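Sequences listed follow chains A and B, in order.
For the record, in the first sequence the residue sitting at position 301 is 300 according to numbering that gives the first Met the number 0, with numbers rising by one throughout.
For the record, in the second sequence the residue sitting at position 252 is 251 according to numbering that gives the first Met the number 0, with numbers rising by one throughout.
Let me begin by presenting the structure, written as structure tokens, before commenting on it.
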Amino acid sequence: MDAFTLENLTFTYPNCPEPAVRDLTLTVKKGEFLLLCGASGSGKTTLLRQLKPALSPSGSRQGKIQYQGVSLEDLDFSRQSREIGFVLQDPENQIVTDTVEHELAFGLENLGVPPDTARLRIAEIVEFFGLQECYNQETASLSGGKKQILNLASVMVMQPSVLLLDEPTSMLDPVAASDFFQAVYRINREMGTTVILTEHRLEEVFPLADRVAVMENGELSCLGDPREVGEKLFATGSPMVRALPAPARLFAGEGSPLPLTVREGRACLEKKIEGMNVPDFPARTPREQSPILKIKHLWFRYEKNAPDVLSDLSLSVPRGQIFCLMGGNGSGKTTLLSLIRGLRRPYSGSVQWCDEHTGKKAKNPPSVALLPQNPRILFLHSTVWEDLLEAAPEKGKGEKKKSVLEAVEKAGAQVFLQRHPYDLSGGECQKAGLALLLLQKPDVMLLDEPTKGLDAHSKDELGDLLRKLSGEGKTILMVSHDVEFCGEFGDMCGLLFNGTLVSCGVPEVFFSENRYYTTAVSRMTRGILTGYVTEKDVKAVWRKWKEDP
Amino acid sequence: MKHRQKNVSAPRSGFAQLHPVVQCFYLLAAACVPMFFMHPFFLLSAMLAGLFYSFLLGGKKAAKKAGGFFLLACILILVNPFLNHAGNTILVYVNDLPVTRESIFYGVIFALLLLEVLFWFSCWNRIITSRKLAYLLGTRFPSLSLLFTMVLRLIPRYGKTADEILKGRRGLRNFEGKLSFGKRIRESSSVFSALTTWALENGVDTADSMRARGYGLPGRVCTVSYSGKKEDVVLAAIWGLSMLGMVISLWAGGLKVSYFPITRLPAWDGWMLWAQLFFSVLCWMPLIFDVWEELRWMRLRWKI
Numbered sequence: 000m001d002a003f004t005l006e007n008l009t010f011t012y013p014n015c016p017e018p019a020v021r022d023l024t025l026t027v028k029k030g031e032f033l034l035l036c037g038a039s040g041s042g043k044t045t046l047l048r049q050l051k052p053a054l055s056p057s058g059s060r061q062g063k064i065q066y067q068g069v070s071l072e073d074l075d076f077s078r079q080s081r082e083i084g085f086v087l088q089d090p091e092n093q094i095v096t097d098t099v100e101h102e103l104a105f106g107l108e109n110l111g112v113p114p115d116t117a118r119l120r121i122a123e124i125v126e127f128f129g130l131q132e133c134y135n136q137e138t139a140s141l142s143g144g145k146k147q148i149l150n151l152a153s154v155m156v157m158q159p160s161v162l163l164l165d166e167p168t169s170m171l172d173p174v175a176a177s178d179f180f181q182a183v184y185r186i187n188r189e190m191g192t193t194v195i196l197t198e199h200r201l202e203e204v205f206p207l208a209d210r211v212a213v214m215e216n217g218e219l220s221c222l223g224d225p226r227e228v229g230e231k232l233f234a235t236g237s238p239m240v241r242a243l244p245a246p247a248r249l250f251a252g253e254g255s256p257l258p259l260t261v262r263e264g265r266a267c268l269e270k271k272i273e274g275m276n277v278p279d280f281p282a283r284t285p286r287e288q289s290p291i292l293k294i295k296h297l298w299f300r301y302e303k304n305a306p307d308v309l310s311d312l313s314l315s316v317p318r319g320q321i322f323c324l325m326g327g328n329g330s331g332k333t334t335l336l337s338l339i340r341g342l343r344r345p346y347s348g349s350v351q352w353c354d355e356h357t358g359k360k361a362k363n364p365p366s367v368a369l370l371p372q373n374p375r376i377l378f379l380h381s382t383v384w385e386d387l388l389e390a391a392p393e394k395g396k397g398e399k400k401k402s403v404l405e406a407v408e409k410a411g412a413q414v415f416l417q418r419h420p421y422d423l424s425g426g427e428c429q430k431a432g433l434a435l436l437l438l439q440k441p442d443v444m445l446l447d448e449p450t451k452g453l454d455a456h457s458k459d460e461l462g463d464l465l466r467k468l469s470g471e472g473k474t475i476l477m478v479s480h481d482v483e484f485c486g487e488f489g490d491m492c493g494l495l496f497n498g499t500l501v502s503c504g505v506p507e508v509f510f511s512e513n514r515y516y517t518t519a520v521s522r523m524t525r526g527i528l529t530g531y532v533t534e535k536d537v538k539a540v541w542r543k544w545k546e547d548p
Numbered sequence: 000m001k002h003r004q005k006n007v008s009a010p011r012s013g014f015a016q017l018h019p020v021v022q023c024f025y026l027l028a029a030a031c032v033p034m035f036f037m038h039p040f041f042l043l044s045a046m047l048a049g050l051f052y053s054f055l056l057g058g059k060k061a062a063k064k065a066g067g068f069f070l071l072a073c074i075l076i077l078v079n080p081f082l083n084h085a086g087n088t089i090l091v092y093v094n095d096l097p098v099t100r101e102s103i104f105y106g107v108i109f110a111l112l113l114l115e116v117l118f119w120f121s122c123w124n125r126i127i128t129s130r131k132l133a134y135l136l137g138t139r140f141p142s143l144s145l146l147f148t149m150v151l152r153l154i155p156r157y158g159k160t161a162d163e164i165l166k167g168r169r170g171l172r173n174f175e176g177k178l179s180f181g182k183r184i185r186e187s188s189s190v191f192s193a194l195t196t197w198a199l200e201n202g203v204d205t206a207d208s209m210r211a212r213g214y215g216l217p218g219r220v221c222t223v224s225y226s227g228k229k230e231d232v233v234l235a236a237i238w239g240l241s242m243l244g245m246v247i248s249l250w251a252g253g254l255k256v257s258y259f260p261i262t263r264l265p266a267w268d269g270w271m272l273w274a275q276l277f278f279s280v281l282c283w284m285p286l287i288f289d290v291w292e293e294l295r296w297m298r299l300r301w302k303i
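Structure, rendered in structure tokens:
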């Protein structure tokens, strides 16, 4: 018997002319790991929610959905709660209670499981997910990654036979996301639980899936084995190609089976360059620019007896460039931005803005604006337009309007001005935030994790936008986990570890020196080619070789 | 710090490990009995027991807190005679208003009451964790108990987000110098408004997460259960007997306390002594039990 059978499913939201899911037929086998991907707005979340009646949005539905041979309408609430588990996007919002212990028990309490059985099940789950250390803690004290693992655990404790996950890692940093996927993979392999996962970050999860289904405009455009789907996407020139793992992007359409992991990619690369004489990648010489910001021996901690968050950090940021500061959780990235913006004070050391010509301390410091990690919290009106208008620093109404229109055009935020800020997708929200930032006409823009939760397409758009702004002379300092993005769009990259800067340089040099904390392409080319960090670099060589072997 | 590690479990041994119902009885009796009688000895005994017990549970932090409470009590003692002019024994006139001996004495009594309740309340906070409270309310008032734990989850989240919003707005805009009073009010209301929007939008997700895990099914249970041990029975018996003894002694001896117009305390007869002895057992028992357990474990571990 199959886990789910969907026949000609069409779903339309109320007051919407176009259906969000159109004439979709799909069978999900028991124990399968199905990856559901597609650009934002392609209807993957809508489809996933159709499979769990308790979370199905209101609207009109045609077609049939069967769960293990039973029509989904006939499935009672109790069985549905027990057997179909659902993990949502935001780790914070899903947590209902104040302690880890109670959160794990919540589902079982609803089901009326007797206390003795419940205790045993919780104990098992805690062991399986390695939650022993935080079992006695408050949920508020956990990190984002642990929170999402807790959400997964508190669904798995109900022993569902199907697990549905709606972009579960979009709010997590790459390390935590990787841990999360491994946990899901283990559940699938070791417990035989059927997994249906929607995701736009495919690097990690693409090789794990048994089958991949691609959605486009509410329709199923492609379905099959990951390698097949990868090849097909390239053949049709789908925009989803950008989201595929780097090895697949490099070797698509070459006839051999599509490599999905770095290991497979390296094998392909070695075969391909046999007999080729590939030169080292010419590293950019850093543009000689006078620094705009000098940070000297900065020390900071939150409380008197707390550990140091930043210790002896020195850094110099060149004018008019995109400076990317990377580092794991708790390395002090966000703290550093708030110190630079002057929201907090270091207990030792200095943050100095420099004059363009003399290089000494500037008499008129440049205007600086900081965009927080979740720009959504800055909006409080019912449309983006109203918020922007309120935030404009100009005095007159006409001038305000003019300045908003200017900022909106620069940020590319024209399309969704009349929408509610909370209805925006991650990429749109980031653009709206940038528009808000540009209104202040800052010389220096500080961005906190601007790529968090963005799909590949939005990331490219954001990167281009940042390039344009830096071309206009704005200095951009961003902190991020996103190695790929920083490698592609950064002028300078630095790694923050344990509160201090351990390495800094132009991307080609920076990433070639790093072995683990580096882009997938760099990991793939290590020891085979030198200095190649992004897909573009390698592709340029391909092209050159074709023209002039 | 963003992620401060906080352990929410109660202390590992002694009174904190007893059955929540027993704990609840002791803590409530210690805090509330003196409130009814307002007798100086009851208050003093409860206050001292509460003070020592909160030290035992909280260590240095509790000592710091206690300092603040004592300061508060001192202020109360100093201020009361100037606000309350009742009482017959006038000591001095200040601004043509009488300062009486009775009101000074009553100020002390009232400060004792305040301290006693505060100390026992901080002990309650350490002993009765949210899980235990969920259990105490759980079977009879499941929704109330869930509401309680959800509120406990939301309070730190709201605080954190409000701070994020505030910092976010500060980081984005160029506020030059200090804000005027009017602007500060407007800024706070903006933060509040943004927080409300955020809370409503995110609440939808929480509701989804609850629905997805079967919230609303009939027959919701509380999975925490505490079984009674031998110690629980013994301590419950001690509680019952002391309570009974105290009530009988008070009933036989009479306890009439009044502070105005003149201070009148009951005579120190045999019955009164008995009542006070029984009450002392009640409020010192948690401390005694903890020390007793500590010694027992020390002795057991000594043999390893």
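Here a beta-carbon is modelled for each residue, glycine too, at the ideal position from N, C-alpha and C.
In this text the structure is predicted, and so the values were computed from the model without any measurement.
For residue j and residue i, the rounded distance between their alpha carbons
| i | j | result |
| --- | --- | --- |
| B/P217 | A/S255 | 57 Å |
| B/G213 | A/K303 | 45 Å |
| B/K1 | A/F299 | Here the model assigns B/K1 a pLDDT of 39, short of 50, so the residue's position is not dependable, and the following value carries that caveat. Roughly 14 Å between the two C-alpha positions. |
| A/D454 | B/R185 | 37 Å |
| B/E101 | B/G86 | 5 Å |
| A/E72 | A/T524 | 52 Å |
| B/R172 | B/K166 | 10 Å |
| B/P265 | B/F35 | 15 Å |
| A/L130 | A/I124 | 8 Å |
| B/F191 | A/V20 | 38 Å |
| B/Y157 | B/V150 | 10 Å |
| A/L5 | A/T26 | 6 Å |
Residues that residue i contacts on chain B, provided the C-beta gap is smaller than 7 Å
| i | result |
| --- | --- |
| A/R340 | G170 |
| A/E100 | R130 |
| A/T96 | T148, M149 and R152 |
For residue i, the three-state DSSP class (helix, strand or coil)
| i | result |
| --- | --- |
| A/K360 | strand |
| B/W296 | helix |
| A/A19 | coil |
| A/S349 | strand |
| A/A47 | In the sequence under discussion, the amino acid at residue 47 of chain A is Leu, which differs from the Ala named in the question. Three-state DSSP puts A/L47 in a helix. |
| A/G426 | helix |
| A/Q417 | coil |
| B/F41 | helix |
| A/S41 | coil |
| A/A412 | coil |
| A/I376 | helix |
Enclosing beta strand (DSSP E) for residue i [first to last residue]
| i | result |
| --- | --- |
| B/P97 | L96 to T99 |
| A/H296 | P290 to F299 |
| B/I89 | I89 to V93 |
| A/A390 | Counting along the chain, A/A390 falls outside any beta strand (DSSP E), though it belongs to the alpha helix (DSSP H) covering V383 to A390. |
Where residue i meets chain A, residues with beta-carbon distance less than 9 Å
| i | result |
| --- | --- |
| B/L88 | Just to set this straight, residue 88 of chain B is Thr in the shown sequence, not Leu. Correct list: empty, because the minimum Cβ distance to chain A is about 50 Å. |
| B/V220 | L107, E108, N109, L110, G111, V112, P113, P114 and A117 |
Neighbour list for residue i in chain B, Cβ cutoff strictly below 9 Å
| i | result |
| --- | --- |
| A/P238 | Under the 9 Å cutoff, chain B gives no residues; its nearest Cβ is about 28 Å from A/P238. |
First and last residue of the uninterrupted alpha helix (DSSP H) at residue i
| i | result |
| --- | --- |
| A/V66 | The sequence given here places Tyr at residue 66 of chain A; Val does not occur at that position. Segment S59 to Y66 is the beta strand (DSSP E) holding A/Y66; no alpha helix (DSSP H) there. |
| B/W250 | K229 to G252 |
| A/E6 | Note, A/E6: premise wrong, no alpha helix (DSSP H); beta strand (DSSP E) at F3 to T11. |
| A/C267 | V261 to K271 |
| A/S313 | Careful: A/S313 lies outside any alpha helix (DSSP H), inside the beta strand (DSSP E) at L309 to P317. |
| B/I164 | P141 to L171 |
| A/V520 | A519 to T524 |
| A/D172 | First-last for A/D172: undefined, no H or E at that position. |
Interface partners of residue i on chain B, CB under 8 Å
| i | result |
| --- | --- |
| A/T138 | R152 |
Neighbouring residues, chain A, relative to residue i (Cβ below 8 Å)
| i | result |
| --- | --- |
| B/S142 | By Cβ distance, chain A contributes nothing, its closest Cβ being about 12 Å from B/S142, past 8 Å. |
Exercise for the section: Check each residue of the stretch 418–444 of chain A: if its Cβ is closer than 7 Å to any Cβ of chain E, include it; give the result in chain order. Expected result: Of the protein chains in the structure, A and B, none is chain E.
Practice task
Identify every run of the beta strand (DSSP E) within the stretch 81–163 of chain A, keeping only runs that are complete inside it and at least 3 residues long; order them along the chain.
Solution key: 83–86, all fully within the stretch 81–163 of chain A.
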